[in-house]
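Participant: Quick one: the structure is below, questions incoming.
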Amino acid sequence: MAQPFYLTRRPDRGNRWYCRFRTAGGVIPWQSTGETEKSKATKWAQEHLPDKPQWKGQRERLLFSTFAEDWWLPSHEYVQRQLARGHSLSRHYLDNARAQLRRYILPAFGGCRLSAITTAQIDDWLFHLQLSGHRSEAIETYTHIGLADLSSVVAVQSKIVG
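In terms of the numbering used here, the sequence shown opens at residue 3 and continues consecutively.
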C-alpha cells in the first residue's frame, strides 16, 4: 500500500526533506520536515499525518480563537517547525506577533468557527484594513503574522476528518 505522503530532498534548502500529504480532498502543500535524513523525515511524516486525532470531529465546533490560543508562543508547534526549518524568531518578534494577533486578527476571526473561515474572508479583511487607513507596511506585517495563523486554518480544514 502506498504511503499517504510524498518526500523529496531539497538541495537548495540544506538538503532538508520536504513532505506533501495526500488526502481525500487532494494534496496539501509541501512542508519542511526539518530533517536531513530520509528515515527521520519518514518518521516525521508518519507523526504528522493529516488525520491527527485531536482534530477529528471538531471542525464544526472549533473556534479560531481556540485554535490560535497558543500561537506565537515559543513552545507552539508552528514556532518549533519554523525553528527546525532554520528560521530565527526572536523573543521580541514573537511578542510583537502575539500582540498583532490579539489586536487585529482575533477581533476579526476569533469568534468564527474554523469550518467557516475562507480565503475570500481573509482577502476581504486585508482589503478593509487598507480602506480603514492602515499603512501598507502595517498591513504587510498583519498579513505575514495573520496568514501564518489563517493559512493554517485553511490547511487544517483540509486535514480535519469529521
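Backbone N, C-alpha and C define an ideal beta-carbon position, used for all residues, glycine too.
Of the residues Arg-83, Gln-132, Leu-128 and Ser-92, which one's Cα is nearest the Cα of Glu-37?
Facilitator: Within the sequence shown, residue 37 is the residue found at index 35, counting from 1. Answer by Cα proximity: Arg-83.
Participant: Across the region 111-128 and the region 72-79, are there enough close Cβ pairs to call them in contact, namely three or more that are closer than 8 Å?
Facilitator: No, they do not touch.
Participant: Between which two residues does the alpha helix (DSSP H) harbouring Thr-44 extend?
Facilitator: As a working mapping, residue 44 is identified with position 42 in the sequence shown. Start and end: 40-49.
Participant: How would you write the range of the beta strand (DSSP E) that Thr-10 sits in, first residue to last?
Facilitator: Against the sequence shown, residue 10 aligns to sequence position 8. Note, Thr-10: beta strand (DSSP E), 7-12.
Participant: Are the beta-carbon atoms of Ser-67 and Gly-112 separated by less than 7 Å?
Facilitator: For the purposes of this step, residue 67 is taken as the residue at position 65 of the sequence shown. For the purposes of this step, residue 112 is taken as the residue at position 110 of the sequence shown. It is a contact, given that the beta carbons lie within the stated cut-off.
Participant: Tell me whether Arg-104 sits in a helix, a strand or coil according to DSSP, three-state version.
Facilitator: For this step, residue 104 is matched to residue 102 along the sequence shown. Reduced to three states, the DSSP call for Arg-104 is helix.
Participant: With distance defined between alpha-carbon atoms, name the residue in Tyr-95, His-94, Ile-124 and Arg-93 nearest to Leu-108.
Facilitator: Looking up residue 108 in the sequence shown gives position 106. Selected option, being the one with the closest Cα: Ile-124.
Participant: DSSP on Arg-24, reduced to helix/strand/coil?
Facilitator: The residue labelled residue 24 in the question sits at position 22 within the sequence shown. Three-state result, Arg-24: strand.
Participant: Val-81: buried (16+ other C-beta within 10 angstroms of its C-beta) or exposed?
Facilitator: Indexing the sequence shown from 1 puts residue 81 at position 79. Label assigned to Val-81: buried.
Participant: In angstroms, rounded to a whole number, what distance separates the CA positions of Gln-90 and Leu-96?
Facilitator: Here the question's residue 90 lines up with position 88 in the sequence shown. Here the question's residue 96 lines up with position 94 in the sequence shown. The residue asked about is misnamed: residue 90 is Ser in this sequence, not Gln. Taking the straight line from one Cα to the other gives about 10 Å.
Participant: Indicate the three-state DSSP secondary structure (helix, strand or coil) for Trp-74 in the structure shown.
Facilitator: As a working note, residue 74 is residue 72 in the sequence shown. DSSP places Trp-74 in coil when its eight states are reduced to three.
Participant: According to DSSP, Trp-19 sits in a beta bridge with which residue or residues?
Facilitator: Here residue 19 corresponds to residue number 17 of the sequence shown, with the count starting at 1. Trp-19 is bridged to Arg-11.
Participant: Ends of the alpha helix (DSSP H) at Leu-85?
Facilitator: If you number the sequence shown from 1, residue 85 lands on position 83. Counting along the chain, the alpha helix (DSSP H) containing Leu-85 begins and ends at 79-86.
Participant: Leaving aside the five residues before and after Leu-9 along the sequence, list all residues of the same chain whose C-beta is less than 6 Å from its C-beta, in chain order.
Facilitator: As a working note, residue 9 is residue 7 in the sequence shown. Counting only Cβ-Cβ distances below 6 Å, and skipping sequence neighbours, we find Trp-19, Cys-21 and Ala-43.
Participant: State the DSSP-derived secondary structure class of Arg-137, mapped to helix, strand or coil.
Facilitator: If you number the sequence shown from 1, residue 137 lands on position 135. Looking at Arg-137 - three-state DSSP - the assignment turns out to be coil, as it is neither helix nor strand.
Participant: Is Leu-96 helix, strand or coil by DSSP?
Facilitator: Position 94 of the sequence shown, counted from the first residue, corresponds to residue 96. Helix, per DSSP.
Participant: For Ala-70, count neighbouring Cβ atoms within 10 angstroms of its own Cβ and tell me buried if that reaches 16, exposed if not.
Facilitator: Your numbering for residue 70 matches position 68 in the sequence shown. Buried, because 16 or more other Cβ atoms sit within 10 Å of the Cβ of Ala-70.
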